[in-house]
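Enquirer: Next up is a structure, given as structure tokens.
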Ligand SMILES: Cc1cc2nc3c(=O)[nH]c(=O)nc-3n(C[C@H](O)[C@H](O)[C@H](O)COP(=O)(O)OP(=O)(O)OC[C@H]3O[C@@H](n4cnc5c(N)ncnc54)[C@H](O)[C@@H]3O)c2cc1C
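Residue numbers (my numbering): 34 to 455.
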């Protein structure tokens with residue numbers, strides 16, 4: 034009989050075990066991590082392109098706004114173990130951190146492996162066994178504890194902390210396999226869907242631009258908007274702005290891209306008007322139409338290749354003198370620059386989603402501890418909960434903060450029980 038079994042040895046599960054030693058009740062805890070994959074923290078190793086964007090700089094008060102509609106509900110966990118507290122925890126163990134100019138915080142070694150290895154060794158120092166290749170298939174509340182069945186073995190524990198993540202990047206082991214078991218226990222699970230994921234649209238016209246990006250694009254969906262860099266892939270829109278908006282998109286609904294939010298459409302019209310009225314020569318209306326647009330929009334960061342696609346797809350002759358082109362044609366190009374509108378056909382799916390939107394509904398859990406309200410002794414942390422953050426370190430911060438909140442409560446109860454039995 035273990036005091037605690039953590040199901041899932043990813044970012045949250047490892048962190049929970051690694052921070053147990055901070056609490057009096059965590060010392061001497063008989064703990065086990067059951068990890069379904071061949072090694073712990075496989076997704077952690079991929080984070081930040083192998084560099085591990087641990088968290089974000091700035092005030093923790095700014096964090097809740099980065100988790101969509103559920104941000105307000107996790108404030109307590111974030112404030113109790115903030116970005117600064119995380120850095121202090123890691124630095125006290127010799128793992129220095131650095132903040133980049135864009136606010137992203139990394140280990141100074143820029144090595145996700147160093148973070149994973151540190152968490153594993155700290156978990157083991159705290160007395161946790163880590164068993165890999167054991168996928169949990171059954172979770173049964175029994176008496177004052179739980180029985181857990183894997184394909185090969187059976188375990189029992191007084192308390193269980195579920196850290197099985199979401200469904201994204203299933204090759205890392207986070208395949209959503211625990212959600213049906215949780216539903217069988219009567220827990221409400223918000224249907225998981227891919228988030229921070231490239232967005233597919235009908236009649237995507239930018240395949241030939243694959244690999245090109247546009248800085249500072251504004252994207253609006255019906256339920257939200259985002260501003261940031263955009264990346265064209267062969268089949269979809271990607272890049273930070275698209276990943277952020279992906280939690281709001283739905284097939285059949287519109288998204289609208291403004292590639293030049295730093296200029297208003299009215300300003301652009303004025304500039305075009307000045308050219309049309311201008312004399313021959315540099316800036317004059319005798320220039321090719323394409324040149325006129327390029328001179329106005331390339332300095333604003335609009336890639337020439339994208340502008341070319343606008344001309345091609347709008348079937349407007351780029352070489353015609355601007356004086357001979359019509360105002361309606363200019364408006365069509367402006368439409369593409371300021372209101373490029375598409376119908377969403379879907380997303381690139383869980384195989385390319387950085388996180389999962391959905392999971393164990395937050396009202397199922399106590400807000401400060403993430404203990405199940407229906408099944409005492411059963412806790413949750415990380416992406417298995419219905420929380421998904423923006424890119425920039427917010428998802429790992431939540432995994433760490435929620436894991437610590439759950440562990441603090443588990444250790445506190447253990448200590449109280451210990452005192453009572455003395
Ligand atoms: C490519 C990529 C890059 C990312 N980069 C960043 C970044 O730089 N910064 C950031 O903040 N976030 C990043 N994220 C998101 C971040 O990695 C996750 O939000 C975070 O790992 C969630 O932690 P978790 O412990 O909840 O889940 P996971 O890390 O997914 O761990 C869950 C674990 O549970 C195990 N498991 C699942 N089911 C079972 C079962 N039935 N039995 C036993 N074990 C099971 C899995 O094998 C897995 O090891 C990135 C995600 C991806 C995919």
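Ideal Cβ positions, reconstructed from N, Cα and C, are used throughout, including at glycine. None of these values were measured; they are calculated from a predicted model.
1. Run the proximity test for residue 296: is its beta-carbon closer than 7 Å to any non-hydrogen atom belonging to ligand 1?
2. Taking contact to mean at least 3 C-beta pairs separated by less than 8 Å, is the region 192 to 206 in contact with the region 93 to 106?
3. At a cut of 8 Å, does the region 109 to 122 reach the region 235 to 249 through at least three beta carbon pairs?
4. If distances are taken between C-alpha atoms only, which option among 445, 429, 447 comes closest to residue 96?
5. Looking at the strands, I want to know which residues DSSP matches up with residue 107.
6. Tell me, which residues are paired with residue 246 by DSSP?
7. Does ligand 1 have even one heavy atom less than 7 Å from the beta-carbon of residue 206?
8. Ligand 1 heavy atoms versus the CB of residue 322: any closer than 7 Å?
9. Taking just the CA atoms, how far does residue 230 sit from residue 46?
10. Quick one: does the C-beta of residue 189 sit closer than 7 Å to a heavy atom of ligand 2?
11. Using only CA atoms, which one of 164, 62, 365 lies nearest to residue 188?
12. Look at residue 264 and residue 257 and say whether their C-beta atoms are less than 8 Å apart.
13. Excluding five sequence neighbours on each side, which residues of the same chain lie with their C-beta closer than 8 Å to the C-beta of residue 439?
14. Taking 7 Å as the cut-off, is the C-beta of residue 283 nearer than that to any heavy atom in ligand 1?
15. Here's the rule: buried if 16 or more other CB atoms are within 10 angstroms of the residue's CB, otherwise exposed. What is residue 453?
16. Going straight from the alpha carbon of residue 331 to that of residue 337, what length do you get?
17. Helix or strand or just coil, what does DSSP make of residue 134?
Expert: Based on what the coordinates show:
1. Residue 296 sits at position 263 when you count from the first residue of the chain shown. Residue 296: no, Cβ never under 7 Å from ligand 1.
2. no
3. no
4. For the purposes of this step, residue 96 is taken as the residue at position 63 of the chain shown. Ranking the options by Cα distance to residue 96, first place goes to 429.
5. Working through the chain shown from its first residue, we reach residue 107 at position 74. Partner(s): none; residue 107 has no beta bridge.
6. Position 213 of the chain shown holds residue 246. Note: residue 246 sits in a beta bridge opposite 264.
7. Locating residue 206 in the chain shown gives position 173, where the first residue counts as 1. Yes, Cβ of residue 206 sits closer than 7 Å to a heavy atom of ligand 1.
8. Start at 1 with the first residue of the chain shown, and residue 322 comes out as number 289. No, the Cβ of residue 322 stays beyond 7 Å of every heavy atom of ligand 1.
9. Taking the first residue of the chain shown as position 1, residue 46 is located at position 13. Taking the first residue of the chain shown as position 1, residue 230 is located at position 197. Using only the alpha carbons, I get a separation of about 24 Å.
10. The model on display carries ligand 1 but not ligand 2.
11. By one-based count along the chain shown, residue 188 stands at place 155. It is 164 whose Cα lies nearest to the Cα of residue 188.
12. Indexing the chain shown from 1 puts residue 264 at position 231. Indexing the chain shown from 1 puts residue 257 at position 224. Not a contact, by the Cβ cut-off of 8 Å.
13. For the purposes of this step, residue 439 is taken as the residue at position 406 of the chain shown. Once the five neighbours on either side are set aside, the close Cβ partners of residue 439 are 49, 194, 402, 403, 404, 412, 413, 414.
14. Stepping through the chain shown from its first residue, residue 283 is reached at position 250. Residue 283: no, Cβ never under 7 Å from ligand 1.
15. The residue given as residue 453 occupies position 420 in the chain shown. With fewer than 16 other Cβ atoms within 10 Å, it is exposed.
16. Start at 1 with the first residue of the chain shown, and residue 331 comes out as number 298. Start at 1 with the first residue of the chain shown, and residue 337 comes out as number 304. If I take the Cα positions, the gap works out to 7 Å.
17. Your numbering for residue 134 matches position 101 in the chain shown. In this structure, residue 134 counts as coil in the three-state DSSP scheme.
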